[in-house]
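What follows is one structure encoded as structure tokens, with my remarks underneath.
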Amino acid sequence: MKTYIYSCLILFSILSITLLNAQNTAPEVTNVSFSQRNDGSFMVDVYYDLNDADCDTMVVTMLASDDAGVTYNLSADSTSEDIGADILSGIGKHIVWDFGAEHPQIYNDQIQVKIIANDNFDEPETGTVTDIDGNVYKTVKIGDQWWMAENLKVTRYSNGEAIPNVTDNSEWSNLSTGAYCAYENADSNISIYGLLYNWYAVLDARNIAPAGWHIPTDEEWKELEMHLGMSQSEADDTFWRGTDEGSKLKSESGWYNNGNSTNLSGFSALPGGYRNYSSGSFSFLSNDGLWWSSTEFYSYYVWSRDLHYNHSDVHRGGNDVRSGFSVRCVRD
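So, in structure tokens, the structure goes:
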């Protein structure tokens, strides 16, 4: 017996257009139109005109919303043709979206999309920094800030004393002092995702950051997000905020289902998962990346940032100090 999976007809509403400021003349997206094919394939054709006065190649991305533009969290990864890197100016640019394959059995009249063009005229300024263990990290300048472009994996405080490596789940959940671990205690995860630290290690006066660097405050995270396009009110909000700032932070590879990633910032965020504060268990490697700030939310809770493979925006919330999160440092 054959089994059939039916996709419901998708009804599109308003199409919105976003222009990103480039470092020279911003590219312009106009005359956007779309239609669903009537051949039963549930393919969607998106057309747009693209112009850049400086004749640069551009990075074109498409974001999708299923709540009339309140958030742009609907994945739009099954796309081809005039999308991605090295797109030139032209009339009648064409994106093919295999909606039926990506979102079977979805019917929604609240769907909107954004076409985003960025000419990325200047490559970001980069460098390196070395921690006390001799690990060398890539760094990147984003706005007026210098950030590590890799997750921290140091095992000693700046005075040379060891940070305890706690592998037992029960012991982890009952800690009130600094500790680190590899995801699922597997050394093979360290080179890619770095280590996970509880906030006691982040808070420790002996300092886990390389010399001349520190754990970012909540305000320094906001500065990064606003440089990438958030308004002040969005940055001050909680939960999922902004539009495509998360996409600009995420590495182009390493995320489940491509992760809506453009990495236009050079931050190269990777989904290192996390360790649960109450059970000590590990979750969501390749799906989520979570990073500490140095700013307390209230007693035993700290502001953090979360990027998710199916979100183009950035989550800001308070998390228990016993949680195991990734760490990025910012230069003093």
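Following the numbering used here, the numbering of the sequence shown begins with -7 at its first residue and continues without gaps.
The beta carbon of each residue, even a glycine, is placed where N, CA and C say it ideally should be.
Start and end residues, beta strand (DSSP E) containing E288: Looking up residue 288 in the sequence shown gives position 296. Per DSSP, E288 belongs to the beta strand (DSSP E) from D280 to Y290.
Taking only three categories from DSSP, how would you classify M35? As a first step, residue 35 must be located in the sequence shown, where it is residue number 43. If DSSP states are grouped into helix, strand and coil, M35 belongs with coil.
Among W295, L299, E212 and E237, nearest to D312 - alpha-carbon criterion: As a position in the sequence shown, residue 312 is number 320, starting the count at 1. If we check each option's Cα against that of D312, W295 comes out closest.
Tell me whether V105 is buried or exposed, calling it buried when 16 or more other Cβ atoms sit within 10 Å of its Cβ. Start at 1 with the first residue of the sequence shown, and residue 105 comes out as number 113. Per the 10 Å Cβ criterion, buried.
On the DSSP letters alone, give me the boundaries of the alpha helix (DSSP H) that Y293 sits inside. As a position in the sequence shown, residue 293 is number 301, starting the count at 1. Y293 -> not in any alpha helix (DSSP H); beta strand (DSSP E) instead, spanning Y293 to H300.
First and last residue of the alpha helix (DSSP H) that includes S57? One-based indexing of the sequence shown puts residue 57 at position 65. Run containing S57: none in the alpha helix (DSSP H); it sits in the beta strand (DSSP E), M50 to S57.
Alpha-carbon spacing of N199 relative to S150, whole angstroms: For this step, residue 199 is matched to residue 207 along the sequence shown. For this step, residue 150 is matched to residue 158 along the sequence shown. The alpha-carbon atoms of N199 and S150 are separated by roughly 6 Å.
For V332, which of A45, V36 and Q28 has the nearest alpha-carbon? What the structure shows of the chain is the stretch from -7 to 324, and residue 332 is not part of that stretch, so it cannot be assessed.
How many Å lie between F317 and Y99 at the Cα? Indexing the sequence shown from 1 puts residue 317 at position 325. Indexing the sequence shown from 1 puts residue 99 at position 107. Cα to Cα, the separation comes out at about 37 Å.
Check whether S275 and Y269 have beta carbons under 8 Å apart: As a position in the sequence shown, residue 275 is number 283, starting the count at 1. As a position in the sequence shown, residue 269 is number 277, starting the count at 1. No, these two residues do not count as a Cβ contact at 8 Å.
Have a look at the DSSP bridge pairing and note the partners of W139. Translated into the one-based positions of the sequence shown, residue 139 becomes position 147. BP columns for W139 point to V132 and V322.
Three Cβ pairs or more, each shorter than 8 Å: is that satisfied between the segment 277 to 293 and the segment 220 to 228? no
Does the separation of the CB atoms of S257 and L299 fall below 8 Å? Residue mapping note: residue 257 aligns to position 265 of the sequence shown, counting from 1. Residue mapping note: residue 299 aligns to position 307 of the sequence shown, counting from 1. No, the pair does not count as a contact, with Cβ atoms beyond the cut-off.
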